[in-house]
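Chemist: Take this structure, written in structure tokens, and hold onto it; I'll ask about it next.
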Amino acid sequence: MLIPVLLSGGVGSRLWPVSREAYPKQFLALASELSMLQDTMARTSELDSAPPLVICNDEHRFMVAEQLRQLSVEPAAIILEPEGRNTAPAVALAAFHALATDPDALLLVLPADHVIRDAQSFTQAVKLGLDKAQAGALMTFGVVPNAAETGYGYLRLGAQQDDGLYALDSFVEKPDAEVAKEYFESGQYHWNSGMFLLSASTYLAELKAHAPEIYAACELAMTKASADLDFLRPDRDAFVACPSDSIDYAVMEHTQLGGVIPLNCGWSDVGAWSTLWQVADRDSDGNVLMGDVMIEGCSDSYLRSESRLIAATGIKNLIVVETPDAILVADRDEVQNVKQIVTRLKAQGRTEATLHQRVYRPWGSYESLIEGDRFQVKRIVVNPGQTLSLQMHHHRAEHWIVVHGTAEVTCEDKVFTLREDQSTYIPLGHKHRLANPGKIPLELIEVQSGSYLGEDDIVRFEDVYGRSS
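For the sequence shown, position 430 (counting from the first letter as 1) is numbered 430 according to UniProt numbering, and the numbering increases by one without interruption.
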């Protein structure tokens, strides 16, 4: 049984301000109409595979579940890492889970934030490596390079085999420009894609041999795992004690079972805005324009508007990305430094580093429209059939005005319905709940007033998502 394993743990800080910690790049539609997570799942559709396993953190669990639901995909499990420990432990969690139902399980390990433009070539490459993986080889995908790239790690190829696959000689760190040119011209190196095809039992055996502390911690974490709604929680104490390491360092650099599947499919890890410029369709002047953008005399630039008009004239080789609360302007050759901007924002305690103006929750989303002294106005969207927690606030009152759909409101011991253009008042200190009993999204405007308007002024009494105290 072939099981796709989607690794959804990245933050994507180099793609700020669109990608942020609370809603990172794998959940965004950056290269197609689907999110990157959905694209990753969709490209496995031509394979004879079982339902996927997804590894993610606790904060992103409902976003993963919702995006898979939109594709009508029922995962085998969504495994929640208590803390990030890199790829070797993440794949170990998936391997232990897979072996519980199939001793012969094969894992197709896929980071959920990559772009592959030729899905058919990817499918053929996976099928090419199946026999080797079933026989116990730990196969990695080596991207056939088309340039002397300094932004990727490399694989040094070993002996070529009759089926067009290679033995794995070694992993090589990101080179400088001169060394990258040597690698490219030699034909003996492929880019390290970070994707793997391997037997779950063989992987765990090699992990136990070469990184026994990781193996033991993950085994204990999964033995003591607990179910939470549709999610699986490995034991926190056991997993937090696990060393942090990548598959490359923990296993692949030591094993004698490594192999390489050549991959030529328009792959990119989308590590920076310059990469999105490279993989997108460009106009005759080399520009990529997304959203409400108007240009005059511009060339070789990437301009992306999320909420308002961008007008540019005479610019060259620039990245301009607009969101409702932040604008990035960068030289296309300096976009790796965006990560340093995010670090500075975090150091200053600024919410732009982690949160979008629109914040997603398991029941829908809210968006701050106006904020002033002792008041705030939000737009709230509740998905069909969803219910917020029964809660109260110590420091604020709320006015709700329904603008679309139907709301079921609980306020103390009263339960009543509001329809479009109707409103209600929730006094400070009153227990209340909002639900959408309808089949279309519920939209309402919430006006908060009080001495403190922070999101931590919420006392939950009941919650269908397991968040109540």
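Built from N, CA and C at the ideal position, the CB exists for glycine as well.
Measure the C-alpha to C-alpha separation of Ile3 and Ser49 and round it to an integer number of angstroms.
Modeler: Counted from its first residue, the sequence shown places residue 3 at position 3. Counted from its first residue, the sequence shown places residue 49 at position 49. So the two alpha carbons sit approximately 6 Å from each other.
Chemist: State yes or no: is the C-beta of Thr410 within less than 8 Å of the C-beta of Pro437?
Modeler: If you number the sequence shown from 1, residue 410 lands on position 410. If you number the sequence shown from 1, residue 437 lands on position 437. In this structure, Pro437 does not lie closer than 8 Å to Thr410 by Cβ.
Chemist: Measuring CB atoms only, is the stretch 169–176 touching the stretch 142–154, in the sense that at least three cross pairs come out at less than 8 Å?
Modeler: Enough Cβ pairs lie closer than 8 Å, so yes.
Chemist: Please report the residue range of the beta strand (DSSP E) in which Ala311 lies.
Modeler: Here residue 311 refers to the residue found at position 311 of the sequence shown. Segment Ile310 to Thr313, the beta strand (DSSP E) holding Ala311.
Chemist: Which one of Ser226, Asn146 and His432 has the shortest CA to CA distance from Phe389?
Modeler: Stepping through the sequence shown from its first residue, residue 389 is reached at position 389. Note on residue identity: the sequence assigns Ser, not Phe, to residue 389. Of the listed residues, the one whose Cα sits closest to Ser389 is His432.
Chemist: Starting from Asp228, trace the beta strand (DSSP E) in both directions and tell me its first and last residue.
Modeler: Sequence index remark: in the sequence shown, residue 228 carries index 228 (1-based). Ser226 to Asp228 is the span of the beta strand (DSSP E), which, as asked, contains Asp228.
Chemist: Using only CA atoms, which one of Trp16, Tyr302 and Glu446 lies nearest to Val320?
Modeler: Translated into positions along the sequence shown, residue 320 becomes position 320. Here the closest residue by C-alpha is Tyr302.
Chemist: Could you check which residue in Val11, Asp163, Ala200 and Pro145 has the C-alpha nearest to that of Glu185?
Modeler: Locating residue 185 in the sequence shown gives position 185, counting from the first residue. Answer by Cα proximity: Pro145.
Chemist: Rounded to the nearest angstrom, how far is the Cβ of Ala1 from that of Leu106, given a contact under 8 Å?
Modeler: The residue labelled residue 1 in the question sits at position 1 within the sequence shown. The residue labelled residue 106 in the question sits at position 106 within the sequence shown. Note on identity: in this sequence residue 1 is Met, with Ala being the wrong assignment. Their Cβ separation, rounded to whole angstroms, is 7 Å, which keeps Met1 and Leu106 in contact under 8 Å.
Chemist: Buried or exposed, going by whether 16 or more other CB atoms sit within 10 Å of the CB of Ala347?
Modeler: The residue you call residue 347 lines up with position 347 of the sequence shown. Counting Cβ neighbours within 10 Å, Ala347 comes out exposed, since fewer than 16 surround it.
Chemist: Would you check if there are 3 or more beta carbon pairs closer than 8 Å linking the stretch 240–247 to the stretch 279–296?
Modeler: In short, these stretches do not touch, since the Cβ pair count stays below three.
Chemist: Tell me which same chain residues have a C-beta within less than 7 Å of the C-beta of Val143, skipping the five on either side of it?
Modeler: The residue given as residue 143 occupies position 143 in the sequence shown. Only His190, Trp191, Ser193, Leu263 and Trp267 meet the Cβ criterion.
Chemist: Excluding the 5 residues flanking Pro75 on each side, which residues of the same chain have their C-beta closer than 7 Å to its C-beta?
Modeler: If you number the sequence shown from 1, residue 75 lands on position 75. If we look at Pro75 and ignore the five residues flanking it on each side, its Cβ neighbours are Pro51, Pro52, Leu53, Val54 and Leu68.
Chemist: Round the Cβ separation of Val338 and Ala353 to the nearest angstrom and send it over; I've been treating them as touching at under 8 Å.
Modeler: Taking the first residue of the sequence shown as position 1, residue 338 is located at position 338. Taking the first residue of the sequence shown as position 1, residue 353 is located at position 353. Between Ala353 and Val338 the Cβ distance is about 11 Å, and since that is not below 8 Å, they are no contact.
Chemist: Given this structure, state the Cα-to-Cα distance separating Gly12 from Ser305, to the nearest angstrom.
Modeler: In the sequence shown, residue 12 corresponds to position 12, counting from 1. In the sequence shown, residue 305 corresponds to position 305, counting from 1. If you take the alpha carbons of Gly12 and Ser305, they lie about 19 Å apart.
Chemist: To the nearest angstrom, how far is the alpha carbon of Asp58 from that of Ala119?
Modeler: Here the question's residue 58 lines up with position 58 in the sequence shown. Here the question's residue 119 lines up with position 119 in the sequence shown. Distance between the alpha carbons of Asp58 and Ala119: 30 Å.
Chemist: Need the endpoints of the alpha helix (DSSP H) that Gln376 sits in, please.
Modeler: One-based indexing of the sequence shown puts residue 376 at position 376. Where Gln376 is concerned, there is no enclosing alpha helix (DSSP H), although the beta strand (DSSP E) it sits in stretches over Phe375 to Val382.
Chemist: Starting from Leu276, follow the alpha helix (DSSP H) in both directions and report where the run begins and ends.
Modeler: Within the sequence shown, residue 276 is the residue found at index 276, counting from 1. Per DSSP, Leu276 belongs to the alpha helix (DSSP H) from Trp273 to Val279.
Chemist: Given a cut-off of 8 Å on the beta-carbon distance, is the pair Asp292 and Leu309 in contact?
Modeler: Here residue 292 refers to the residue found at position 292 when the sequence shown is read from its first residue. Here residue 309 refers to the residue found at position 309 when the sequence shown is read from its first residue. Cβ atoms of Asp292 and Leu309: closer than 8 Å.
Chemist: Heavy atom of the ligand NAP less than 7 Å from the Cβ of Thr44, yes or no?
Modeler: In terms of ligand content, the structure shown is empty, and the ligand NAP therefore cannot be addressed.
Chemist: Please return the same chain residues whose Cβ sits closer than 6 Å to the Cβ of Ala137, not counting the five positions on each side in sequence.
Modeler: Locating residue 137 in the sequence shown gives position 137, counting from the first residue. Excluding residues within five positions, the ones whose Cβ falls inside 6 Å are Leu257 and Gly259.
Chemist: Which whole-angstrom value is the C-beta distance of Gly9 and Ala90, which I expect to be below 8 Å?
Modeler: Working through the sequence shown from its first residue, we reach residue 9 at position 9. Working through the sequence shown from its first residue, we reach residue 90 at position 90. Indeed, because the Cβ distance is near 7 Å, the residues count as touching under 8 Å.
Chemist: Grouping DSSP H, G and I as helix and E and B as strand, with all else coil, what is Leu2?
Modeler: By one-based count along the sequence shown, residue 2 stands at place 2. Here Leu2 sits in strand by DSSP.
Chemist: Spell out a yes or no on whether the stretch 218–236 and the stretch 107–115 are touching, meaning 3 or more CB-CB pairs, one atom from each, closer than 8 Å.
Modeler: They do not touch, by the three-pair rule.
Chemist: Below 8 Å on the Cβ atoms is my guess for His394 versus Gly429; work out the distance and round it to an integer in Å.
Modeler: As a working mapping, residue 394 is identified with position 394 in the sequence shown. As a working mapping, residue 429 is identified with position 429 in the sequence shown. Indeed, because the Cβ distance is near 7 Å, the residues count as touching under 8 Å.
Chemist: Confirm, please, whether the CB-CB distance from Met139 to Leu197 is below 8 Å.
Modeler: For this step, residue 197 is matched to residue 197 along the sequence shown. For this step, residue 139 is matched to residue 139 along the sequence shown. Cβ atoms of Leu197 and Met139: closer than 8 Å.
Chemist: Sorted by chain position, which residues of the same chain lie with C-beta nearer than 8 Å to Val415's C-beta, five sequence neighbours on each side aside?
Modeler: For the purposes of this step, residue 415 is identified with residue 415 of the sequence shown, where counting begins at 1. Glu408 and Val409, listed in sequence order.
Chemist: Return the Cβ separation of Leu369 and Val377 in integer angstroms, given the expectation that the two are a contact with Cβ distance under 8 Å.
Modeler: Within the sequence shown, numbered from 1, the residue matching residue 369 stands at position 369. Within the sequence shown, numbered from 1, the residue matching residue 377 stands at position 377. Contact flag correct, Cβ pair sits at about 5 Å.
Chemist: Near Pro324, what residues of its chain come up, given a Cβ to Cβ distance below 6 Å and the 5 sequence neighbours on each side ignored?
Modeler: Taking the sequence shown and counting its residues from 1, the one referred to as residue 324 is at position 324. So the list reads Ser307 and Gln357, once near-sequence residues are dropped.
Chemist: Decide if Glu296 is buried, meaning its Cβ has at least 16 other Cβ atoms within 10 Å, or exposed.
Modeler: Numbered from 1 along the sequence shown, position 296 holds the residue referred to as residue 296. Exposed.
Chemist: Between residue 558 and the rest of its own chain, which residues show a CB-CB distance below 6 Å, the 5 nearest in sequence each way excluded?
Modeler: A query on residue 558 cannot be resolved here, the shown segment of the chain reaching from 1 to 469 and no further.
Chemist: Identify, in the order they occur along the chain, each residue of the same chain with its Cβ nearer than 6 Å to the Cβ of Leu442, setting aside the five sequence neighbours on each side.
Modeler: Position 442 of the sequence shown, counted from the start, is the residue given in the question as residue 442. Correct list, in chain order: Val382, Gly405, Ala407 and Asn436.
Chemist: Is Tyr23 buried or exposed, if buried means 16 or more other CB atoms sit within 10 Å of its CB?
Modeler: Position 23 of the sequence shown, counting from 1, holds the residue named residue 23. With 16 or more other Cβ atoms within 10 Å, it is buried.
Chemist: Opposite Val288 in the DSSP bridges: which residues?
Modeler: Residue numbering aside, residue 288 sits at position 288 when the sequence shown is read from its first letter. Answer by DSSP bridge pairing, in chain order: Tyr302.
Chemist: According to the Cβ coordinates, are Leu168 and Lys132 closer than 8 Å?
Modeler: The residue labelled residue 168 in the question sits at position 168 within the sequence shown. The residue labelled residue 132 in the question sits at position 132 within the sequence shown. Not closer than 8 Å, so no.
Chemist: CB-CB under 6 Å to Ala125, same chain, minus the five flanking residues each way: which ones, in chain order?
Modeler: Looking up residue 125 in the sequence shown gives position 125. Hits under 6 Å: Ile261 and Leu263.
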